[in-house]
Amino acid sequence: MYKLTHIINPVKVSEASDLFVAQPVTFETIRRAKAFAKDIADISLITAQYEEDKNIIPGYFIQTPDLKQSVLDYGSFTKQRKLPLLKDILQRAVDYQSNTDYVIYTNTDIALMPFFYSFINEKIEEGYDAFIINRRTISKKHTLESLYSAYSEFGIEHPGYDCFIFKKELFNKFILEKICVGAKSVGLALYLNLVLYSNKFCEFDIEHLTFHIGNDRIWKNKDFKGYELYNEAEFRKIKSKLENEFNINELNSIIKYTQRYWNKPTIPKWKKKLINLLIKT
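Read in my numbering, the sequence shown has 1465 at position 102, and its numbers run on one by one without any break.
What follows is the structure, encoded as structure tokens:
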């Protein structure tokens, strides 16, 4: 039976935030998915949080030591957002249990279908040491009270990377610099690391395994442009170091692979934009 450690980064928000509705759904769907897979996987649910966010976390999650630093320690921003560094979150998952086989990291607004962990277990059995599951976006009308309706809505595929699974040993190889969560480019940075350092990788981009309620895309708010620019600068550092560690042809071959993989007559515009970002950055 594989040991899986699933970490999320909960945050206390006001009723005006989309997370006020989405986060409780995330918590409950994670709890249910763990119960569904109890006979096939040993799953630990843990959180990385700041001290001020502790009291909104359900008791079935184990809280790791509070986060101490944030992006505010490394950049100057017009609007203050205490966004954690990705490497700090993942480090807590890796350190939590010495005998964990795989780490799962999902955004705190990503809800799970009941068979989520069962699917992961199946893919581990097939030999994948890293993979990504892309969410499906469902209508904004759903809440915790309409969870079964939320499960039943197939939704539409979504471009962003927000669910990552990798063999624990890979983490020590990752190059993540000080890129933060909650801003553009963070998912792409982890994507490149998973592709480069794994032996068998797959992106599951249409499967009905995770979902997100609505599509507010708060990270596009002009007030948060500074965080986007900060992450883009960190991403350039990551990409440069990856190019030095692997030769440039190997990194280009990954980009070429994504082009081949996505080269369909019905390729969505967002996928073309992502390919262009990989090439131009």
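Ideal placement from N, C-alpha and C gives every residue a C-beta, glycine not left out.
{"Check": "SER1407, DSSP secondary structure in three states", "Outcome": "strand"}
{"Check": "Rounded Cβ spacing between VAL1466 and THR1389 (contact assumed at less than 8 Å)", "Outcome": "Not quite, the Cβ-Cβ distance comes to about 17 Å (not below 8 Å), so this is no contact."}
{"Check": "TYR1524 versus ASP1429 - alpha carbon distance", "Outcome": "25 Å"}
{"Check": "Helix, strand or coil at GLN1622 according to DSSP, with G and I counted as helix", "Outcome": "Below a pLDDT of 50, predicted positions are generally treated as unreliable, and GLN1622, at 47, falls in that range; no measurement from the model is reported."}
{"Check": "Extent of the continuous beta strand (DSSP E) to which ARG1599 belongs", "Outcome": "Segment 1588-1608 is the alpha helix (DSSP H) holding ARG1599; no beta strand (DSSP E) there."}
{"Check": "Boundaries (first-last residue) of the alpha helix (DSSP H) holding THR1389", "Outcome": "1382-1399"}
{"Check": "Simplified DSSP state of PHE1534, which is helix, strand or coil", "Outcome": "helix"}
{"Check": "Distance CB(ASP1402)-CB(LYS1366) smaller than 8 Å", "Outcome": "no"}
{"Check": "Best match in GLU1566, LYS1585 and GLU1608 for proximity to ILE1483 [C-alpha to C-alpha]", "Outcome": "GLU1566"}
{"Check": "Start-end ranges of the beta strand (DSSP E) lying completely within the region 1486-1564, minimum 3 residues", "Outcome": "1493-1496, 1499-1501 and 1526-1530"}
{"Check": "As assigned by DSSP and simplified to three states, the class of ILE1420", "Outcome": "coil"}
{"Check": "Cβ distance (whole Å) where ASN1372 is taken to contact PRO1421 below 8 Å", "Outcome": "Not quite, the Cβ-Cβ distance comes to about 14 Å (not below 8 Å), so this is no contact."}
{"Check": "Three or more C-beta pairs below 8 Å linking the region 1434-1451 and the region 1512-1532", "Outcome": "no"}
{"Check": "Residues bridged to HIS1369 [DSSP beta-bridge criterion]", "Outcome": "LEU1408 and ILE1467"}
{"Check": "Which residues DSSP lists as bridging PHE1567, in chain order", "Outcome": "ILE1496"}
{"Check": "Endpoints, the beta strand (DSSP E) within which ILE1576 is located", "Outcome": "1573-1576"}
{"Check": "Where GLN1426 falls: helix, strand or coil (DSSP)", "Outcome": "strand"}
{"Check": "Check whether LYS1602 and LEU1555 have beta carbons under 8 Å apart", "Outcome": "yes"}
{"Check": "Supposed contact pair THR1573 and ILE1501 - C-beta distance, whole angstroms, cut 8 Å", "Outcome": "Not a contact, Cβ separation roughly 11 Å."}
{"Check": "Residues near LYS1397 by beta carbon distance below 7 Å, same chain, minus five either side", "Outcome": "ILE1406, LEU1408 and TYR1480"}
{"Check": "Beta-carbon gap between ILE1538 and TYR1468 smaller than 8 Å", "Outcome": "no"}
{"Check": "Cβ-based burial, THR1410 [other Cβ within 10 Å; buried from 16]", "Outcome": "buried"}
{"Check": "Whether ALA1552 touches TYR1590 by CB criterion (8 Å)", "Outcome": "no"}
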